[in-house]
Structure formats: structure tokens, C-alpha cells
Amino acid sequence: MAAGGVEFSEFVQHLFLGLVQGSFWVLLALGLSIIFGLMGIINFGHGAFYMLGAYVGFTVSDLVFSPFLGPNAGFIVALAMVPVVMFALGMVFERYVISRIYNTENERFSGVLIMFGMSIFLPDFVRLIWGRPGKPFNIPPMFQFSLFKTGTLDITAYRSFTIITAAILVALLWVLIYKTNLGMMIRAGTNNNTMVKVLGINVSRIWRLTFGLGIALAGFSGVMIAPLFAVDATMGELILVQTFIVVVVGGMGSFIGPVIGGLILGQLWALTPLVGRTQYVVQNWTGTVIGPDFWEKASDILLFIVMAVILLLRPRGLFGQEGAFD
Amino acid sequence: MSRLDRRKFLKGAGLIGGIVAAQTAPPFLREGLGARPIKWGSIHPTTGPYSTEAFDQVEGVKIAIEDVNKEGGVDGREVKLLFRDDQFKWDQTTTHALDLIDNHRIDFLAGSMVGPEEVRLNEFSRKRKIIYANYPQHIMSTPGNAKKMSPLFFTANTTPYQLCASSLTYIAKNNLGKKIHCVFDDYIWPKMFIPAFEKLTKDFNLTWNANSSVSWVPFPTSMDYSATFPRILKEKPDVVYALNWGQRQVAFVKQAREAGLDKKVKIVLGATEITMPEAAGLGSYHGFNAAMMWHPSLASKYPAAKTLNDKFLARRKRPCSSYGMLAHDLTRLILDTARETKLYKRRDHFKLAKVLEGKKFQYSKGVCEIRACDHVCISEVFVMRGKSKAEMKDKFDHIEVIGSSSGEGNTVSCEAKGLKGPASERRA
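Spelled out as C-alpha cells, the structure:
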């Protein structure tokens, strides 16, 4: 079956790849959005913590050996341990660094500067500890197979695993935030933390937990994404740009915003190159036919265009809190 | 308390003024008329994404300078390295070049990693009439840039055309297939390969078209190459030729392997470096081919390559990359030639350039030659094969040399570029 010259299987292939990309962005954007939603800190260091998570994951998987699980053990243990390690690191960082700026003049601006500083410090720190060349961290053997084929493309186990993991994680986070006492306190703190303090709740503890949760999500994303990308000290720099686009489009401080934003932008990114392969002729204002190469190159630029349009028409994003930037 | 008279005041003020002047005077004045060393001003991005390769460059330069000094220096003078880190920021490249040329009065300008740095330093060389030892790939010689190239610009590195020629020669000679599809990162360096593809695919009777046989990947933000795979698989090429670098290449190799692309088509990487398979993991380049300017395994063929690699292993605890080798060889070439001719002063640089033009040299690989018209280094380019995990002898042994090509046939001729006579005679 073909529509507009594009085979249906080809369309499905791109949908699948968009879902994988979208899942990565959802994982990263949720951590960023949670920290902003409660604490009002725009975490420019999120990419650096994501990178640190990948490096910790590499070390853990390198050290672990299991006679039962074989070479898969390292990855499984890394997947379980990295969020714990990064959660603890986030809590310590909040306690000894971030908490010092609370109730100071320009609190939010100081937060931005601290996190921006971390985005510069952490890559060099990682080079110092782990060395300059990138580190090998590959797909574990248990995921190195194809589930089925659509057209010519294999739907691989690891990419499918990332989609399922992201979906489970989103569901667990939703339960945590909307169905538990802790989640209720986090939401209340986001709306009116003075009232929450008056009710006798230790808000600073909640902030610490929330910051730790955001950093844990960044680290977990690092472990999940690393087998398909390169583990390198600069790996967090570029992905942070795309993550911010997702959060801005979805809405800062919202839970559902980054999820919907990530999935929409993932599809936009994956389906744009397909436009150039349809039979429809697209011309620019001079009458020149726009070739397939334009649409391949445009997939990234379109993300920025969508962000710009959203900022113009609905500055708080699709699902963002009103006045989030006030 | 004694009263401060005019004489005491003038003496004191003179003394303080002298000390301040001595401390703040430009370095070349502070050195006075003593035995002035020959200054090699070298700029490398040792901070940033290519810091591993940049440190290798610095080490290569240091080894070359140490060896020259051990052999008596240049005209009895010691060669001194003035190293600057431009942090992979082009404004810093300019700032450091200005500081080195104006304040430190360097005798030779050297360094850099990528095109934007090369273009800036080339301009300094052209306007300030100073020899520039260029370490990255020679993009100033491409037909569009050739006339902007400084007549004092020299390199031991290859051009995009040479790299492309080596891979396509290998593909054609070994019958890897007729139909080629390219995966190019969307920036200037891969675009420089297009003219080479247009000519060489015709020469080798390969099927390739600039409009329909290239998948462009957004650069630098997108590092996911998977969106190009459906198109590649639909077009069913025999060979996929990929041009990407650093962590982007590592991501491409991992993703191609994960999607099973390497089992369906032959994959040739336009260029690689020893750090990339190392970051991708043991056996990760198995089944892939790639072009390289140099590889440490050449130590078994060339004694000088072994000496250089041993020094690297002792100092950096890792083998020498082609960046280290290229920086070493070019530094040695210029300093050795300056020593032979005693033409090291800035006013003699055009004379030194004339001697370097057409000069044949051999340090860490086969005989190389600097072509006079555009200073392209006619040298060997190697074709590599990725080893499997079982084949690897140590953790650095990811790839091996399986072929090489060299000669002027691998370059665009001087006539085709419209260049006549030696470059040193085309003064800015």
C-alpha cells in the first residue's frame, strides 16, 4: 500500500524511529520540568548530569560480572544503580549547593548560574576522572536481535525496550506525583510553598527529594541512551538544546507537557525527511523544486520553528502553568 | 625624618619605573639581545570535543622540537614551543595568534584542528608573511579556496579529495559494488567531498548522483542517523559511504550495527581515527572499512614510526594517533629544512617556502612530497579494516591497514585548479 508515493511500511518505520527519539526526549524533559516546576530553577546542568549518568553506567557495567546473567548483568545493574547513585548525588548537591541560594536576592538567576557552571565543570571533571577518549558502552547481547520487520527495516529489541521503559517510567512518575502523599506535597509546594510550610510540612526536604528525582531521571536517561550514542564528555551539550525545545513546547512545570511535547516533536523529527520522498512536488517562492535533501536537513530546524511559533502564540507552552516565568 | 629631596625622588621613581617597565614590556624586549630562541607558536584546542586529538598534536610537536634541540637546534639556537589552547573557539584562535605574532614575535605559526581555525591562521600567514604549519586537513587547497591560500601555508595532511580517492579506489579495485550511497553530516567538510565524488565515480564507473545518492544528517544537533536508514535500505546500495567524525561517528557505527545495516551493505567510513573505535567498543568496527592518514601499526614497516609511537606510549600511555604523527612530521620537516638552509628568520620565510616546495621527505610513513603549486602533500592514504574482538591483540588494536594509495593521481591537478608556478611566487 502506498500513499503519495511512500510505502505504508516506510511510514511505519519512520513512526517507530520517531517514537524512539520521542521517548528519549520525554525521559530527559521530565527531569528538567520537574525541577523547574517545584523549584523554579532552569537546570542548564541537566545535560551534564545526563552525561555523568552515562559514565557512571559505563563504570558500573564494566565492574559487574555475573556468572548467571553473563555480559547482560553489567547493563541491568547499571540501569538499576545509576538512578540511585544520581538521586543521592542530586540530594547532596541540593543540600550543600542549591539550598544556599534559597530566599536570597535573585534566587532564580543564581540557580541558573550555578547549573550553568555545572554544565562547564562536569565535562572537565569527567575527563579528569575517566580520561579524554569516549567510553565504550554498548547494547547488551540480550537486546541484540530484531523483533520483526516492517518493509526493509528491522524493529529492533533495544529500541522497542526504550519505548516500553519510557512508558513504564512515565506511568510510575504519574502515580508518584498524583496518587501518593509525597506527590501531593510536591504539587502543593509547587502551587504555594508558604502555605505548605504553615501546615508543618518540611518543604526543604521535599525540594531535596524533587531535585534528586530530576537528577536521577537525567542519569537514567544517560544509561538508556548511551548504547545507541557515544559516551563522551560533551554528549550532554547538544541533547540539552533539544530537551529545552521539548519542555518549552510541552510547557514548563507541567507533567503531561514534556510527555506530549516529546512525542509530538519526535514524530515531527522522524516524519519530516519522508516529505521529500513523496510524489508531491514542493516548490519554493522562486519556483525551484525542493528536493529530498532539504527535508532531511529541515528535520532539526523545524523543531526550532515549532518552538518559536509556540512561544509567540502560547508562551507557557501547550500544557504549561500560567505565569510560570513570572 | 629626613626630607625627600628632588634627587632621591628621581632615583626612586626611576628605579620603580624601570622595574615596572621590565615587567610589563613585551616579551621580545625582555629577552634583550641575548641568544634568542626560535619560537614555534602553536595553537591547539586542548579543551573541548577534540581534546584527545589536540593533546596528541601537542605531544607530536613537543617530540619534534625536543629531537631538533637534541640535534643542536636551528643554527645553534634552541627551539622553544609557545603553546596556546584556543578552547575550540575561533575568536580565541585569533586572539592567541595576534598575541603570539605581535607580543611574542614568534618565528613560526602552527597548529589548529579544524577548518575554521585553519582559515583564520591562513589569513594571519598571508597578511603577516609568516610560515604557517597547518595540522588539520588541507582545505585551503580545494579549488574554491586555492587562490586564498597563503603562499607560506604548509601541511603534511591530506585533502578531502585524497581521502575520497583512496576509498573509492579500494571500492572499485576490490569490486565491493557499483552503487554508492553517502551519509554526510550537513556541514562544510563533507560538502568538500562532493566534487571528488562527481569526478571519481565517473572515473571508476560507479553509480552515484549528487542529488539522489546522498542522505544529509542535520549537524550538529542531531546525532541519530536512524532516520536515514529506511531510505538507504529502500535504495539498496552496495556500499554506504559515511562522513562523520568523533562521537558522531561512534554513534553512526553503533546505530548502523544495531539496525543490522552492516549486514545488508558494505559500510566505508570516509575517515577515522584510533580514538573512535576505542570509544565504540571492542570489535565494534568489525566489518567496516575506513580511510586513515596514518596508523600506529605502521611501526612494523617504518622504523621512524616505531620510534615515534614508542615515545607516545611512554608519555601518554596510549598509541600515537594520526594527529600526533602529522603534527610531528610537519614540525620536523620545517625545522629540519630551516636548519639545513639557515633560513629561519621571518624575513627569509619566502626563501624557506621556496626550498620546501617540491621537497620530498620521509619520517613516519612512506615518502611524501610538497607539491609546489598548492602545497598539497602527496602522500600515502591508508585503507583500514575493523578487527573482530577475537582478532584484537590489545585494547587499542581495533583496526588494521589493508591497503594504501598515493601519488599525484589522487589529487586535483594544478592545471584543473588553474594554478601556475610555485605558490611562493604568488605573493599576497
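Residue numbers (the working numbering), protein chains in the order written: chain A, 1 to 326; chain B, 1001 to 1428.
Backbone N, C-alpha and C define an ideal beta-carbon position, used for all residues, glycine too.
Check                                                                                                                                                                    : Outcome
Between residue 1291 of chain B and chain A, is any beta-carbon pair separated by less than 8 Å?                                                                         : no
Would residue 23 of chain A be called buried (16 or more neighbouring beta carbons within 10 Å of its own) or exposed?                                                   : buried
Look at the alpha carbon of residue 1365 of chain B and the alpha carbon of residue 1308 of chain B, and state the distance between them as a whole number of angstroms. : 11 Å
Based on DSSP bridge pairs, tell me the residues matched to residue 1099 of chain B.                                                                                     : Paired residue(s): none; residue 1099 of chain B is not in a bridge.
Please list the residues of the stretch 187–210 of chain A that have a C-beta atom closer than 7 Å to any C-beta atom in chain B, keeping them in chain order.           : none
Out of A:216, A:182, A:224, point me to the one whose CA is closest to residue 205 of chain A's CA.                                                                      : A:182
In terms of residue numbering, what span does the beta strand (DSSP E) encompassing residue 1084 of chain B cover?                                                       : 1079–1085
What separation, rounded to the nearest whole angstrom, lies between the Cα atoms of residue 1142 of chain B and residue 1191 of chain B?                                : 11 Å
Please tell me whether residue 233 of chain A and residue 18 of chain A are closer than 8 Å, where the distance is taken between their beta carbons.                     : no
Take residue 1233 of chain B as the anchor and find which of B:1251, B:1267, B:1068 has the nearest alpha-carbon.                                                        : B:1267
When the Cα atoms are used, what is the spatial distance from residue 979 of chain B to residue 1252 of chain B?                                                         : Look at the range of chain B in this structure, 1001 to 1428, and you will see that residue 979 of chain B is not part of it.
For residue 1056 of chain B, which option in A:45, A:133, A:216 has the closest C-alpha, if you only look at C-alpha atoms?                                              : A:133
Under 8 Å, do residue 174 of chain A and residue 39 of chain A count as touching if we go by C-beta distance?                                                            : no
Indicate the three-state DSSP secondary structure (helix, strand or coil) for residue 1067 of chain B in the structure shown.                                            : helix
Residues of chain B with CB under 7 Å from residue 73 of chain A, in chain order?                                                                                        : The contacting residues do not exist; residue 73 of chain A stays about 17 Å from chain B at best.
For a cutoff of 8 Å on Cβ pairs, would you count residue 235 of chain A as touching chain B?                                                                             : yes
Checking 8 Å against the spacing of the C-beta atoms, do residue 320 of chain A and residue 253 of chain A come in under that value?                                     : yes
Which one of B:1261, B:1046, B:1083, B:1330 has the shortest CA to CA distance from residue 145 of chain A?                                                              : B:1261
By the three-class DSSP mapping on this structure, what secondary structure does residue 14 of chain A have?                                                             : helix
Hey, is residue 1092 of chain B's beta-carbon within less than 8 Å of any beta-carbon in chain A?                                                                        : no
Go ahead and pull the three-state DSSP assignment for residue 318 of chain A.                                                                                            : coil
Could you say which of A:127, A:282, A:72 lies nearest to residue 141 of chain A if we only look at CA atoms?                                                            : A:72
On the three-state DSSP scale, how would you describe residue 1325 of chain B?                                                                                           : helix
Here's the rule I'm using: 16 or more other beta-carbon atoms within 10 Å means buried, otherwise exposed. How should residue 51 of chain A be labelled?                 : buried
Please classify residue 118 of chain A: is it buried, with 16 or more other beta-carbons within 10 angstroms of its beta-carbon, or exposed?                             : buried
Taking Cβ positions only, does residue 1211 of chain B come closer than 8 Å to chain D?                                                                                  : Among the chains of the structure shown, chain D does not appear; the protein chains present are A and B.
Determine which residues of the stretch 5–20 of chain A have a Cβ less than 7 Å from any Cβ of chain B, and write them out in chain order.                               : 10, 13, 14, 17
Among A:188, A:314, A:202, whose alpha-carbon lies nearest the alpha-carbon of residue 257 of chain A?                                                                   : A:314
Note down, in chain order, every chain A residue with its Cβ under 8 Å from the Cβ of residue 1247 of chain B.                                                           : 134, 229, 230, 232, 234, 235
Please list the partners that residue 62 of chain A has in chain B, where partner means a Cβ-to-Cβ separation under 9 Å.                                                 : In chain order: nothing, as chain B lies at least about 11 Å away.
Which residues of the stretch 1321–1335 of chain B have a Cβ closer than 9 Å to any Cβ of chain A? Give them in chain order.                                             : none
Tell me the rounded alpha-carbon separation between residue 1118 of chain B and residue 1016 of chain B.                                                                 : 43 Å
What does residue 1250 of chain B reach in chain A if we use C-beta pairs closer than 9 Å?                                                                               : 134, 136, 229, 230, 231, 232
Determine, using beta carbons only, whether residue 277 of chain A comes closer than 8 Å to chain B.                                                                     : yes
What residues of chain A sit near residue 1051 of chain B, judged by a beta carbon separation below 8 Å?                                                                 : 127, 132
Quick one: what does DSSP say residue 183 of chain A is sitting in, helix, strand or coil?                                                                               : helix
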